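Just so you know, the sequence shown maps onto residues 96 to 382 in the working numbering. Just below is one structure, and these are the notes that go with it.
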Amino acid sequence: MGRIAYVNGRFVPHSEASVHIEDRGYQFADAVYEVWAVFGGKLADAEGHFVRLERSLGELSMPLPMSRAALTLVLKEALRRNRVREALIYLQVGRGVAPRDHAFPKEPVRQSVVITVSGVDRTASEARAAKGVGVVTTPETRWGRCDIKTVGLLPNALAKQKAREAGAAEAWFVDELGFVTEGASSNAWIVDGEGKLRTRDTNANILRGVTRRTLMQVIADEGLQLDERPFTADEARQAKEAFITGAGTLVLPVISVDGKPVGQGVPGPVAMKLRRLYIERAKATAI
Ligand code: PDD
C-alpha cells in the first residue's frame, strides 16, 4: 500500500497530492508547520506542538483551521491510513489560495491544510545516534522571527546543503558575535567542562524547540544543571559533549564541529542517557 497524504479535506495518494499554484504558502511562504515524532502510532509531545502551532498562526494573524480535537483526529487518521507506527508527521497550515498580491486576501479564504507522513527506521536512527554526527557552522542569515515556525526555510535549506556537502548531518548558525544560535532544523546543546548543560536562551532569535522544552524537564528530574547561555563553536569543540534536539533527531550526539572533534570525538554518556530518557518520556506521554 502506498503513502497517503491529506490535502485540504481529502486523503489522497501521496504521489498525486498537490496544491494550487497560487497557494500563498508556495508564493510567499505564508504558511506555518509542525513536525511530530510518532512512536507506536502515537504523537509525541502533542501538546507542545499544538501550543506552538497556535502561537505561530497567531503571530501571522491566522486561526487554527479546525479545533485541536479535530486536527488530532485528522493526524491520527493520516497515520492509520499510512499503516506506520514509527514515523514523522508533517502538518502545514497556510493562509490559502488567492490571486497573487503581497497583502492578505481582502476577504478571508479557506486555509490550506496539508499533512504528510514518513516512516522512520528506529534501528537505523539508533545506529546513527550510537555513531554520532558532525555539524558545520554557517553565518546566521535568517530573518528576525525564527520563533515563528514558517515554511520560509531557504536559509535553513542552504545551510543543510552546506552540511551535506561537507559530509555533516547538521549546520549550526553562528550570529555576528560568534555564538551558535541553533541548527538548520534542530536546537544546539553542549555539556561544558563542569558537566553543565548549555543551550541558547529563547530570547535569542531561535525556534522554541518542543524537544528542547521536554528535555529540560528530563534534565531537571535528573538533577543535572542547566545554563541557558550562548556558546561559541570553539566552546563546543572544547566541551565534553555536544548534541542536537528536534522531532526528527530526538537527542543526537554531535562528535565534530567543522571537522574538528568535540571532546573525545565520540558520543558522550550524558547525551546518550538524555536520548534514552527523552525517548522513554516521549513514548509514555504520547497520545
Ligand atoms: N525542525 N530549530 C529549528 C530551526 C527547527 O526547524 C526545529 C525543528 C527545531 C527543533 O524543534 P522541535 O524540537 O520542536 O522539533 C529547532 C523540524 C523537525 C523540521 O523542520 O523538520
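The beta carbon of each residue, even a glycine, is placed where N, CA and C say it ideally should be. For clarity, every value in this text was computed on a predicted model and none was experimentally measured.
Taking only the alpha-carbon atoms, compute the straight-line gap between residue i and residue j and give it to the nearest angstrom.
i    : j    : result
Q312 : P364 : 18 Å
D216 : D196 : 42 Å
G116 : A126 : Before going on, a small fix: residue 116 reads as Ile here, not Gly. Cα-Cα distance, rounded: 14 Å.
Y128 : G104 : 17 Å
S207 : Y121 : 11 Å
G97  : R176 : 9 Å
S110 : K171 : 20 Å
G360 : I382 : 37 Å
Y185 : V130 : 5 Å
T380 : V107 : 30 Å
A173 : K255 : 28 Å
L347 : T167 : 27 Å
R240 : N300 : 6 Å
T344 : D316 : 22 Å
Q187 : I210 : 6 Å
K57  : S351 : For residue 57 there is no data in the structure shown, the boundaries of the chain being 96 and 382.
D118 : R303 : 27 Å
Quick test of your reading: residue i and residue j, contact by CB under 8 Å. State the CB separation rounded to the nearest angstrom.
i    : j    : result
A124 : T245 : 6 Å
W284 : T340 : 7 Å
V212 : A182 : 5 Å
N251 : A279 : 4 Å
V146 : Y101 : That pair is no contact at about 21 Å.
V357 : R332 : 6 Å
G262 : V349 : Contact flag wrong, Cβ pair sits at about 14 Å.
D353 : V231 : 6 Å
Suppose the cutoff is 6 Å on Cβ atoms and the five residues either side in sequence are ignored; what does the same chain contact list for residue i look like?
i    : result
D287 : R293 and A334
R237 : P250
K355 : R332
Beta strand (DSSP E) containing residue i: first to last residue?
i    : result
P234 : V228 to P234
D322 : L321 to E323
R105 : R105 to P108
E336 : E336 to G341
F268 : E265 to V269
T344 : Segment: none, T344 is in no beta strand (DSSP E) and carries neither H nor E.
Excluding sequence positions up to five away, which residues of its chain have a Cβ less than 8 Å from the Cβ of residue i?
i    : result
R376 : T309, Q312 and V313
V385 : With the chain represented from 96 up to 382, any question about residue 385 goes unanswered, as that position is not in the structure.
L159 : L148, E149, L152, L166 and V188
What does a CB cutoff of less than 7 Å around residue i pick up in its chain, not counting 5 residues either side in sequence?
i    : result
L319 : L292
F274 : P325, F326 and T327
G136 : L174 and R180
S281 : E265, I339, T340, G341 and T344
Under a CB-based cut-off of 9 Å, is residue i close to chain B?
i    : result
Q206 : The structure shown has no chain B; it contains just one protein chain.
Between which two residues does the alpha helix (DSSP H) containing residue i stretch?
i    : result
S151 : A141 to E154
Q122 : R119 to F123
What's the call for residue i, buried or exposed, on a 16-neighbour Cβ count within 10 Å?
i    : result
S113 : exposed
E202 : exposed
P362 : buried
P200 : exposed
E142 : exposed
What I want to know is whether the C-beta of residue i ends up closer than 8 Å to one or more non-hydrogen atoms of the ligand ATP.
i    : result
G143 : In the structure shown, the ligand ATP is absent; the only ligands present are the ligand PDD.
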